[in-house]
Every structure is written in C-alpha cells, then in structure tokens.
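Student: Chains A and B supply the protein sequences, listed in that same order. Counting with numbering that gives the first Met the number 0, you get residues 0 to 277 for the letters of the first sequence. Counting with numbering that gives the first Met the number 0, you get residues 0 to 277 for the letters of the second sequence. By construction, the Cβ of each residue, glycine as well, lies at the ideal position given by its N, Cα and C atoms. Predicted model, so just to flag it, every value in this text is computed and none were measured.
Number of protein chains: 2
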Amino acid sequence: MRNICLTLAYDGTNYCGWQVQPNGTSVQAVVETAIKELTSEAATIFAAGRTDAGVHALGQVVNFHTASGISCDKIRSGLQRFLPDDVAVRHVREAPPDFHARYHATSKRYRYVILNSRAKLPFVERYAYHIGRRLDDRAMHDAGQVLVGRHDFRSFESHYPNRSSSVRTVSELTVARCGDWALWAQHRPSEIAAASDGDYVFLEVEADGFLYNMVRSIVGTLLKVGYGSWTTETVREILNNQDRDHSGATAPPHGLYLVRVDYDDLRRETPIDSPAGS
Amino acid sequence: MRNICLTLAYDGTNYCGWQVQPNGTSVQAVVETAIKELTSEAATIFAAGRTDAGVHALGQVVNFHTASGISCDKIRSGLQRFLPDDVAVRHVREAPPDFHARYHATSKRYRYVILNSRAKLPFVERYAYHIGRRLDDRAMHDAGQVLVGRHDFRSFESHYPNRSSSVRTVSELTVARCGDWALWAQHRPSEIAAASDGDYVFLEVEADGFLYNMVRSIVGTLLKVGYGSWTTETVREILNNQDRDHSGATAPPHGLYLVRVDYDDLRRETPIDSPAGS
Chain A
0 MRNICLTLAY DGTNYCGWQV QPNGTSVQAV VETAIKELTS EAATIFAAGR
50 TDAGVHALGQ VVNFHTASGI SCDKIRSGLQ RFLPDDVAVR HVREAPPDFH
100 ARYHATSKRY RYVILNSRAK LPFVERYAYH IGRRLDDRAM HDAGQVLVGR
150 HDFRSFESHY PNRSSSVRTV SELTVARCGD WALWAQHRPS EIAAASDGDY
200 VFLEVEADGF LYNMVRSIVG TLLKVGYGSW TTETVREILN NQDRDHSGAT
250 APPHGLYLVR VDYDDLRRET PIDSPAGS
Chain B
0 MRNICLTLAY DGTNYCGWQV QPNGTSVQAV VETAIKELTS EAATIFAAGR
50 TDAGVHALGQ VVNFHTASGI SCDKIRSGLQ RFLPDDVAVR HVREAPPDFH
100 ARYHATSKRY RYVILNSRAK LPFVERYAYH IGRRLDDRAM HDAGQVLVGR
150 HDFRSFESHY PNRSSSVRTV SELTVARCGD WALWAQHRPS EIAAASDGDY
200 VFLEVEADGF LYNMVRSIVG TLLKVGYGSW TTETVREILN NQDRDHSGAT
250 APPHGLYLVR VDYDDLRRET PIDSPAGS
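Structural data, given as structure tokens:
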C-alpha cells in the first residue's frame, strides 16, 4: 500500500469542522468521498490538526493509504474534480509507509486574522474577525511573549482536562499590524515590514502542539491587552494561575487558520503550491 | 438639501450588478433601501461606475440628496446596520450641492485579479479568476502599454456603438505578478515590489472613462499574450482595426474590482477607510 500525503486548503465556513460528526458536513467526509470517487477504494484519512467548525486551513496535512497506482500529480487534479470549491488540494506527495500526519507532526502554525478598521470589508467577512476599536498591537505582541516557551497551558484550554498533558512548547508568537499583506500568504509576519497604519492585525503562533481552543483563548486574552484592559502582568498571572476562568473569551472561529504543519522526516510542508508551471 | 457622498465596497457575487434591473437584486437597490430605512426618505443614488453582475467594488463612489440632519459618521454606522454583509460603507462625506458621482468623475481605476497557480485556493474562489497555466506577465505588461494614451477603444467595447464616443484616455496600465500583496489593498502594483514567483497576476488600469466591458476585453486580449499566442503587435493591430470581433474574449466578472474614483473637486477618494480610531 502506498501512503499518500496531501496538503489541503479549505474555507471552513460551511463545515462542522475537520472531523466526521453526527450533524453537519465535515471536511474529512468530503475528502474521503473524493478519494473513494477517484480510487474506488474506501480510505480513512488522518489529519495533522482537527480544526473546529468555521476554522480555515491553508496547509492542513493529511495522509491515507491506497493500493492505487495513480501518480501524485494525477491524484491532485483528480481529487480536485471531486471536491467542492471550498476545499483545495495544494500539494500531493508520496510519504514513507509509517508516516502519520497527526502523530509525526513536530510543530504546527496557526494564524488569527483581525480586520481592525472602523468600516467592514465584505471580502473578508468570513475570513477575518472585524474589530472596529483600535487595537494596541505592540502591547499585544509584548504580552504574548510571556507565553513563549514550555508551559502548562491549561488556562488556555477549553474543557480541561481533555488530554493527558496540557504542557506545550510555544516556539514563536507574533502579533503584527499589516496593511498590504495577503491574508493567505506563506510568509510569516516577522518577514513582512510592519505597517503601523495597516487595517489588519495578525497573530501567528507556532507550537509543538495545541490544546482545544488554545489559539482562540490566547487571542481572546491578548485582545484584552489590545483594548488596554489588561497588561503583560495580567497575562503572566493567567498563565501561572492555570485556571481557564480567568483568561479571555474564546475568539470566534472564522479568523483562525491552520497555516502549516512541520515534520522532521518530510521536507518542510508548504501550504501554497509553487506557481503554475514553475 | 444636503448632498452626501459615500464610498462603498461590495462583493458583487450575489448581485445582478450595480443598477436596478427587472430581475435579480442590485447593489443600488439594497443601498437605497438602507438609506430609506435610516432617513425615512426615498432617495435615488448616483454611482460613479455601473458595475456589471458579479463585479466587485473597493471604492465605488455614490451620492444622494437628503434633508436629514444625521452626521456623516452616524450615516456610516447607521447605513451599515441596514446593509447586508456583502456591502460596506467605507467612508461618508458631505459634498458640494452640485456634486454628481458619475458626471464629475475625472478618472477611475479598475483592478483585475488572476490566481495563477496550478492549485486552487478556496478563499479567492469568488474573488480571482483562476488560471492554472503559467502566464507571461511581463509580456502582458509590455503589450498593454500599446493601450496607454488617447485612443478609440471600440475594439474593446461590447455592443458598439452604445455611447456617443468610444474615445478614452488610459493614463496607466500595469500588469504585475505579486505574491504577498493584499487583494484588496489601496496600493498600486507599481508601488509594490514585484514578486517574480508570486501566485497572483494583477492588471490595473486607470482611465478618464471606460466603455462597456472594456477592462474585461482588455484582460481577455492580454491573456492571449500571456499564453504566448499573441504579441504586442497583435494588440496594436486590434486597437487600430477598431473591430471587437478580433480582440480577446471577455474575461469573467469575478476577477474585476472598481478600485477607486477620482474627482477634481473632492479630495482623492480612498477605497479603504483609515484605520480604526486613528
């Protein structure tokens, strides 16, 4: 059996999340259906991140096993034909037989996008959280540095305890204001010249793993800093108190993107395919 | 009566175009309804550009007369409450009594966005024309320079003759490949460092006026250059022949944006509102 690794992008708006659920359509279900249409085999796919309802992905990584001999390039175009417009196959590669998209992920990167302008912008209605009140993005970035490193993040986990351990290592957390920066670009905010008068505030966070609702809880907490209600010290206390009741509200899902997933044994995953024909 | 000037952004996907039509919902109708809800007066609005079905706007400019004493800022937030999510009021200002958004416009700027990557990207499905085959954007830009200046553009007009004159002056035409450039930014491509490996190809064109389907005909023509089928000379011949049958197909509407409209007697219109609170 071959082990096929896909990089997917999807608009999560119309889905109940990644995982198959009793109610609603899951991204997993439409991808499994497309695989069955293409290969005539039932396949179970394993995803790096089980994104929640309404959460988007630029670089979700999944794998599945197949006896099919179809080339990777034909799998990409073939699956796309059976997928709805809001799910795209960005990349297909052959993985080692024991590769598992979830268990072998060494780090993941999420992005949270806020449209921070008085007026709305229709095109990002489903893709960014609109906040009319001006945010202090510098203060948010500074306070966010408290969370970088190896910590028990149970203060930022919904329904604790639901995993064996709530200790995770955040390797980077950036909050930046950007104007002319594509929402769906590969680049990290740190590589982009910050635009102090930009209309978007991005939070990007990379960690070896994430707890349930962790990014959205962090966003809710740092928003309180952005509004001037809380300080870096408040965030430090929240982290140390290890009590979810004290952290900020969970930010809405439609601003959140799974940007990329990294593995030791695969080339660094790129969420966006290389340009056409190059 | 006051004369109120609005800058609007809208997602044209679900509309039959700007103008009130027998079938379908027009952007004009939903804005007029919102004005009536807010001011309790029936108002007719005049728009700078009568965008077609499916065409978007970042900076459509319209005006209407009202006896209402509501402040501009309250008009902005008030209208937004009565508008659907796909229409946004970006800016409101008081205009001179005789100001007319259409007749006083001195120039307009349109943008056409192409996603030029093998794989699709769900988020821009409705906002960019997807072309998998690699385009030669340099050749497109060079050929496009033939169109800059004062010319009879009837070769690029649908249903000629439908205006008194098909002579227009194109002051700028830029084709550029960009990667990390927001689709809905104010900047012009010329102000952006071109990314030779970017996934988007933008065409921007500014003129003192546009004929029916002119931008989309120009895009269709330059696409033939981008594919390598036509040259700069072909474009020159098409312009000189003054025959619509020889130019390229009309590109689909969903890649097209009315970016901004300029007036002599008003400050240069900005499509995107200034950042919140600044």
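Verify the CB distance criterion: does PHE122(A) have a CB-CB separation below 8 Å to chain B?
Tutor: For the purposes of this step, residue 122(A) is taken as the residue at position 123 of the first sequence. Proximity of PHE122(A) to chain B, defined by a Cβ-Cβ separation below 8 Å, is satisfied.
Student: Which residue's Cα is closest to the Cα of THR6(B): LYS119(A), ALA42(A), TYR226(A)?
Tutor: For this step, residue 6(B) is matched to residue 7 along the second sequence. The shortest Cα separation from THR6(B) among LYS119(A), ALA42(A), TYR226(A) belongs to LYS119(A).
Student: Against chain B, does GLN241(A) count as a neighbour if the rule is that its beta carbon must be under 8 Å from one of theirs?
Tutor: Here residue 241(A) refers to the residue found at position 242 when the first sequence is read from its first residue. Not an interface residue.
Student: What are the boundary residues of the alpha helix (DSSP H) that HIS55(B) is part of?
Tutor: Locating residue 55(B) in the second sequence gives position 56, where the first residue counts as 1. Run containing HIS55(B): none in the alpha helix (DSSP H); it sits in the beta strand (DSSP E), 55 to 65.
Student: What are the residues that DSSP puts in a beta bridge with LYS107(A)?
Tutor: Mapped onto the first sequence, residue 107(A) falls at position 108. DSSP, once it has assigned bridges, lists ALA206(A), VAL260(A) as partnering LYS107(A).
Student: Tell me whether ASP97(B) sits in a helix, a strand or coil according to DSSP, three-state version.
Tutor: By one-based count along the second sequence, residue 97(B) stands at place 98. Note: ASP97(B) maps to coil in three-state DSSP.
Student: Buried or exposed: which applies to HIS103(B), given that a residue is buried once 16 or more other Cβ atoms fall within 10 Å of its Cβ?
Tutor: Indexing the second sequence from 1 puts residue 103(B) at position 104. Buried, by the Cβ-count rule.
Student: What is the DSSP secondary structure of VAL234(A), reduced to helix, strand or coil?
Tutor: To locate residue 234(A), count along the first sequence from 1; it is residue 235. It is helical.
Student: Which residues bound the beta strand (DSSP E) around SER76(A)?
Tutor: Taking the first residue of the first sequence as position 1, residue 76(A) is located at position 77. Per DSSP, SER76(A) belongs to no beta strand (DSSP E); it is in the alpha helix (DSSP H), 71 to 81.
Student: May I ask you to list the residues that DSSP assigns as paired with ASP84(A)?
Tutor: Here residue 84(A) corresponds to residue number 85 of the first sequence, with the count starting at 1. DSSP lists no partner for ASP84(A).
Student: Would you check if the distance between the CB atom of TRP17(A) and the CB atom of ALA46(A) is smaller than 8 Å?
Tutor: Within the first sequence, the letter at position 18 stands for residue 17(A). Within the first sequence, the letter at position 47 stands for residue 46(A). Their beta carbons are under 8 Å apart, which means TRP17(A) touches ALA46(A) by this criterion.
Student: Let me confirm a value: SER165(B) is counted as buried when at least 16 other C-beta atoms fall within 10 Å, else exposed. Which label applies?
Tutor: Here residue 165(B) is taken as the residue at index 166 of the second sequence, counted from 1. So SER165(B) counts as buried.
Student: What's the C-alpha gap between ARG80(A) and THR38(A)?
Tutor: To locate residue 80(A), count along the first sequence from 1; it is residue 81. To locate residue 38(A), count along the first sequence from 1; it is residue 39. Computed Cα separation, rounded: 13 Å.
Student: Would you list, in sequence order, the uninterrupted beta strand (DSSP E) runs of no fewer than 3 residues that lie entirely inside the region 109 to 178 of chain A?
Tutor: 148 to 151, 166 to 177
Student: Counting Cβ pairs closer than 8 Å, one from the region 241 to 261 of chain A and one from the region 104 to 112 of chain A, do we hit at least three?
Tutor: yes
Student: At 8 Å on the CB atoms, spell out the chain B contacts of GLN79(A), in chain order.
Tutor: Translated into positions along the first sequence, residue 79(A) becomes position 80. Here the neighbours are ALA118, LYS119.
Student: If I'm right that LEU85(B) touches GLU124(A) with Cβ under 8 Å, what's the distance once you round it to whole angstroms?
Tutor: For the purposes of this step, residue 85(B) is taken as residue 86 along the second sequence, with counting starting at 1. For the purposes of this step, residue 124(A) is taken as residue 125 along the first sequence, with counting starting at 1. According to the sequence displayed, residue 85(B) carries Asp and not Leu. With a Cβ gap of about 7 Å, ASP85(B) and GLU124(A) count as contacting.
Student: Shorter than 8 Å from the beta carbon of ARG110(A) to some beta carbon of chain B?
Tutor: The residue you call residue 110(A) lines up with position 111 of the first sequence. ARG110(A) does not count as touching chain B.
Student: Taking 8 Å as the CB-CB cut-off, is ARG259(A) touching chain B?
Tutor: Your numbering for residue 259(A) matches position 260 in the first sequence. No, because no Cβ of chain B sits closer than 8 Å to the Cβ of ARG259(A).
Student: Whose Cβ in chain B lies nearer than 8 Å to the Cβ of TYR9(A)?
Tutor: For the purposes of this step, residue 9(A) is identified with residue 10 of the first sequence, where counting begins at 1. Under the 8 Å cutoff, chain B gives PRO121.
Student: Using a cut-off of 7 Å between C-beta atoms, extract the partners of VAL86(A) located in chain B.
Tutor: The residue given as residue 86(A) occupies position 87 in the first sequence. The answer, in chain order, is PRO121.
Student: Can you give me the start and stop residues for the beta strand (DSSP E) that ILE3(A) sits inside?
Tutor: Position 4 of the first sequence holds residue 3(A). That run of the beta strand (DSSP E) goes 1 to 9.
Student: Suppose you measure from the CA of SER170(B) to the CA of GLU203(B); what does that come to, to the nearest Å?
Tutor: Sequence index remark: in the second sequence, residue 170(B) carries index 171 (1-based). Sequence index remark: in the second sequence, residue 203(B) carries index 204 (1-based). Rounded to whole angstroms, SER170(B) and GLU203(B) show a C-alpha spacing of 11 Å.
Student: So which of SER154(B), ARG1(B), THR168(B) has the shortest CA-CA distance to ALA66(B)?
Tutor: The residue labelled residue 66(B) in the question sits at position 67 within the second sequence. With distances taken between Cα atoms, ALA66(B) lies closest to ARG1(B).
Student: Comparing C-alpha positions only, which one of GLY254(A), GLY77(A), ASN115(A) sits nearest to ARG89(B)?
Tutor: Locating residue 89(B) in the second sequence gives position 90, counting from the first residue. Residue ASN115(A) is the option with its Cα nearest to ARG89(B).
Student: Under 7 Å Cβ to Cβ from ASN239(A), same chain only, skipping five residues before and after it: list those, please.
Tutor: Numbered from its first residue, the first sequence carries residue 239(A) at position 240. So no residue of the chain qualifies.
Student: How many Å lie between ALA175(B) and VAL200(B) at the Cα?
Tutor: Against the second sequence, residue 175(B) aligns to sequence position 176. Against the second sequence, residue 200(B) aligns to sequence position 201. Using only the alpha carbons, I get a separation of about 6 Å.
Student: For chain B, check one thing: does any of its Cβ atoms lie closer than 8 Å to the Cβ of THR269(A)?
Tutor: Here the question's residue 269(A) lines up with position 270 in the first sequence. At THR269(A), the pLDDT of 42 sits below 50, so the modelled position is not reliable; the number obtained from the coordinates is stated separately. No, because no Cβ of chain B sits closer than 8 Å to the Cβ of THR269(A).
Student: Using a Cβ cut-off of 7 Å, pull out every chain B residue sitting near TYR126(A), in sequence order please.
Tutor: Here residue 126(A) corresponds to residue number 127 of the first sequence, with the count starting at 1. Under the 7 Å cutoff, chain B gives PHE122.
Student: Since ARG92(A) meets chain B, which of its residues come closer than 8 Å, beta carbon to beta carbon?
Tutor: The residue labelled residue 92(A) in the question sits at position 93 within the first sequence. Under the 8 Å cutoff, chain B gives no residues; its nearest Cβ is about 13 Å from ARG92(A).
Student: Are any of the Cβ atoms in chain B nearer than 8 Å to that of GLY137(A)?
Tutor: Reading the first sequence from its first residue, position 138 is the one you call residue 137(A). With the sequence shown as reference, residue 137(A) is identified as Arg, and Gly is not the correct amino acid for it. Not one chain B Cβ lies under 8 Å of ARG137(A).
Student: Going along chain B in order, which residues have a C-beta closer than 8 Å to the C-beta of ARG49(A)?
Tutor: To locate residue 49(A), count along the first sequence from 1; it is residue 50. Chain B residues near ARG49(A): none, gap ~19 Å exceeds 8 Å.
Student: Assuming SER216(A) contacts THR249(A) under a Cβ cut-off of 8 Å, what Cβ separation, rounded to an integer in Å, is found between them?
Tutor: Residue 216(A) sits at position 217 when you count from the first residue of the first sequence. Residue 249(A) sits at position 250 when you count from the first residue of the first sequence. Contact between SER216(A) and THR249(A) is confirmed by a C-beta separation of about 6 Å, below the 8 Å threshold.
Student: Residues in its own chain within less than 8 Å of PRO274(A) by CB, not counting five upstream and five downstream?
Tutor: Here residue 274(A) corresponds to residue number 275 of the first sequence, with the count starting at 1. Below a pLDDT of 50, predicted positions are generally treated as unreliable, and PRO274(A), at 36, falls in that range; the measurement from the model is reported next regardless. No residues qualify anywhere along the chain.
Student: Given a threshold of 16 other Cβ atoms within 10 Å of its Cβ, counted over all protein chains shown, does HIS129(A) qualify as buried or as exposed?
Tutor: Within the first sequence, residue 129(A) is the residue found at index 130, counting from 1. That one is buried.
Student: Does any residue of chain C bring its CB to less than 8 Å from the CB of ARG101(B)?
Tutor: Absent from the structure: chain C. Protein chains present are A and B.
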